[in-house]
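Data first, discussion second: the structure below is written as structure tokens.
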Amino acid sequence: MLEQIYQLSRHLLSIYRRPFVRYFFKTHNLDNRFTILLGQRGVGKSTALVQYLLSISNNEIYSKDILYVPSDHFLIRGFSLYEIAEEFVKFGGKLICFDEVHKFEGWSNELKSIFDTFPELKILASGSSILEVHKGSNDLSRRAVIYTMHGMSFREFIALQTDIELSAISLDQILSEHNIHSTNIIETLSKTGNKILPLFKQYLEFGYFPYFVEFKDIAKFYLTLEQQIHTTLEADLLSVHPNLTGDSIRKLKKLLVAISQNVPYLVNYEKLRKIVDVADNRTIKIYLKYLEDAGIILQLRKSGKIMGSLEKVEKIFLNNTNQLYALGSSTSIGTVRETFFANIISSMGEITLPKKGDFLLNSKYLFEIGGKGKTKKQIEYHENAYLVIDNIEHGIGSKIPLWLLGFLY
């Protein structure tokens, strides 16, 4: 049994090996006894796992210390994850990786049993962002360190496109020293003939998902991205929530279409109930949560409200700008700007909708997003208020270039 899986592991390690290493590795410690890596489809989880395994084995795919197990592969279906781990440990295995673990029935109980039975074995697992690892009798959050992986930042996109490695910049540094950082970045890029604004435009259109490099025709990239969204709804969601019916999935798709054609969507529950054909708001809220957990939408609530998964949502964005182009949504400059900002800044904390301005971060920082002509009139009396402006290379004072937020990670 194990020899077959070893051969599969080696084959996939060689296929998925990539030279570009995500910033994720510099900010997240995978040297834990049990780590679970979550994230939406296409952000690079499998590549990250493979890179980590090879870093442990000194780039040796034939090492008996590591084993990469694609949980959805037909060769794996004849065995339990526990049986595979047991055999691996018998032959001296040290680090086992279960990729796409949510597709294996009973995965939670299996991982719990492996963790409890083989204390000398390190376990690494990846799964859909939909996974609810903290629920149920096998609450893995008490055993595993859980990380969420996002798509590429603008900084990472630049590195992948130009081979120029630039440093990440903290939010505090951007807010207080943005002119210094924008000058350094632009000067560095200019030495190789690269311009920041054209690169940013490319990133907004196709740079969030690292697999864009596999496509010469961006239309095919968009088609693949759209297909991944459908697969998330039709396969991943059902793997995690098997009680959903075909009718439920069709209604989720109707809901997504209604939102994607009108982003940013100002939530009208009555209208959504009619479009989706459900009787109550609660069902709509649950469906919206599924779409958000899957990394397809981002829900924002008004500032000052008590947060909760089923509290009334005021505005909905698609998760990232690449999805705007792939789903045929509005790609008006205002929508693209706000979608980029909401995506990147939501990784910094709680983002809400204030009475004045566009976004409020952690109940402290107020942001207004716009073009060169945008003024601070709406937010001038707020202590920590900033204009985030598109299509400028440098800012001044509290006016910050939008592209610079792409250097947060």
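The sequence shown lines up with residues -17 to 391 when you count with our numbering. All residues carry an ideal CB built from backbone N, CA and C; glycine is no exception.
Measure the alpha-carbon distance for residue i versus residue j and round it to whole angstroms.
| i | j | result |
| --- | --- | --- |
| L342 | N366 | 10 Å |
| S291 | S328 | With a pLDDT of only 44 at S291, under 50, the local geometry of the prediction cannot be trusted, and the value read off the model is given with reservation. Going from the Cα of S291 to the Cα of S328 covers about 16 Å. |
| G175 | H(-7) | 39 Å |
| G118 | R125 | Unreliable placement is indicated for G118, whose pLDDT of 49 sits below 50; no coordinate value is reported for it. |
| V245 | L148 | 32 Å |
| D98 | I374 | 55 Å |
| L207 | F197 | 12 Å |
| L153 | K358 | 20 Å |
| D145 | I371 | 27 Å |
| L280 | S158 | 28 Å |
| I43 | V115 | 30 Å |
| Y204 | W385 | 22 Å |
| D218 | N250 | 27 Å |
| I268 | F191 | 27 Å |
| H163 | I156 | 8 Å |
| L248 | P383 | 27 Å |
| K104 | F73 | 14 Å |
| I361 | K337 | 10 Å |
| G109 | Y363 | 45 Å |
| L220 | L(-16) | 29 Å |
| G316 | L(-5) | 42 Å |
| K233 | E82 | 25 Å |
| D199 | K94 | 44 Å |
| D121 | N91 | 9 Å |
| N394 | E69 | Residue coverage of the chain in this structure runs from -17 to 391, which leaves residue 394 outside it and unanswerable. |
Counting along the chain, where does the beta strand (DSSP E) carrying residue i start and finish?
| i | result |
| --- | --- |
| L20 | F16 to G21 |
| I351 | Y347 to G352 |
| D81 | L77 to D81 |
| Y129 | V127 to T130 |
| V239 | Per DSSP, V239 belongs to no beta strand (DSSP E); it is in the alpha helix (DSSP H), G228 to S242. |
| Y363 | Per DSSP, Y363 belongs to no beta strand (DSSP E) and is neither H nor E. |
| D282 | For the record, residue 282 in the displayed sequence is Leu; it is not Asp. From DSSP, the beta strand (DSSP E) with L282 extends over I279 to L282. |
For residue i and residue j, which I take to be in contact (beta-carbon distance under 8 Å), what is that distance rounded to the nearest angstrom?
| i | j | result |
| --- | --- | --- |
| G21 | M134 | That belief does not hold up - the Cβ atoms of G21 and M134 are roughly 12 Å apart, past 8 Å. |
| V127 | N14 | 4 Å |
| F86 | S53 | 4 Å |
| R137 | F322 | At roughly 13 Å, the Cβ-Cβ gap does not stay under 8 Å, so R137 and F322 are not in contact. |
| N161 | H376 | 6 Å |
| D275 | S111 | 6 Å |
| T213 | R23 | 7 Å |
For the alpha helix (DSSP H) that residue i lies in, which residues bound it at each end?
| i | result |
| --- | --- |
| A67 | L63 to K72 |
| G316 | I315 to I327 |
| I58 | Segment: none, I58 is in no alpha helix (DSSP H) and carries neither H nor E. |
| K253 | Y251 to V258 |
| T29 | K27 to I38 |
| L9 | In the sequence under discussion, the amino acid at residue 9 is Thr, which differs from the Leu named in the question. Note, T9: alpha helix (DSSP H), F6 to T9. |
| T206 | I200 to T213 |
| Y193 | That residue, Y193, is in no alpha helix (DSSP H); it is neither H nor E in DSSP. |
| P180 | I178 to F188 |
| E(-10) | The question names Glu, yet the displayed sequence has Leu at residue -10. Where L(-10) is concerned, the enclosing alpha helix (DSSP H) stretches over L(-16) to Y(-2). |
| I140 | F136 to T144 |
| I96 | W89 to T99 |
| A308 | T303 to A308 |
| L270 | N263 to D275 |
| S172 | L153 to S172 |
| S108 | Unbroken run through S108 is the beta strand (DSSP E), K104 to S110; no alpha helix (DSSP H). |
Give me the residue from the options with the minimum Cα distance to residue i.
| i | options | result |
| --- | --- | --- |
| S28 | T227, R(-1) and I43 | R(-1) |
| A150 | E296, F61 and I167 | I167 |
| L142 | F194, L106, Y129 and S312 | F194 |
| L270 | S285, G286, K284 and V239 | V239 |
| Y411 | K356, M330, K253 and S123 | Shown here, the chain extends from -17 to 391; a query on residue 411 therefore has no answer. |
| R283 | K72, I298 and G379 | I298 |
| G277 | L215, K8 and I140 | L215 |
| E350 | I326, K381 and L237 | K381 |
| I78 | G26, S111, K94 and F16 | F16 |
| I378 | G310, D262, L(-16) and T165 | T165 |
| Y427 | K72, A201, I96 and I231 | In the structure as shown, the chain starts at -17 and stops at 391, and residue 427 therefore has no counterpart that could be examined. |
| A107 | L31, E320, A201 and H223 | L31 |
| W89 | F61, I140 and K202 | F61 |
| L273 | S230, A261, S314 and E252 | S230 |
| L348 | K354, G355 and L369 | L369 |
| L57 | L(-10), A67, V295 and D340 | L(-10) |
| S312 | P101, E296 and I241 | I241 |
Using 8 Å as the limit for Cβ to Cβ distance, is residue i near chain C?
| i | result |
| --- | --- |
| I333 | The structure shown contains no chain C; it holds only a single protein chain. |
With a threshold of 8 Å, are at least 3 pairs of Cβ atoms found where one atom belongs to the region 293 to 306 and the other to the region 177 to 194? They touch, by the three-pair rule.
Do the region 27 to 37 and the region 47 to 65 touch if we need at least three Cβ pairs shorter than 8 Å? A contact exists between the region 27 to 37 and the region 47 to 65.
Do the region 202 to 218 and the region 257 to 267 make contact, defined as three or more Cβ pairs closer than 8 Å? Segments in contact, no.
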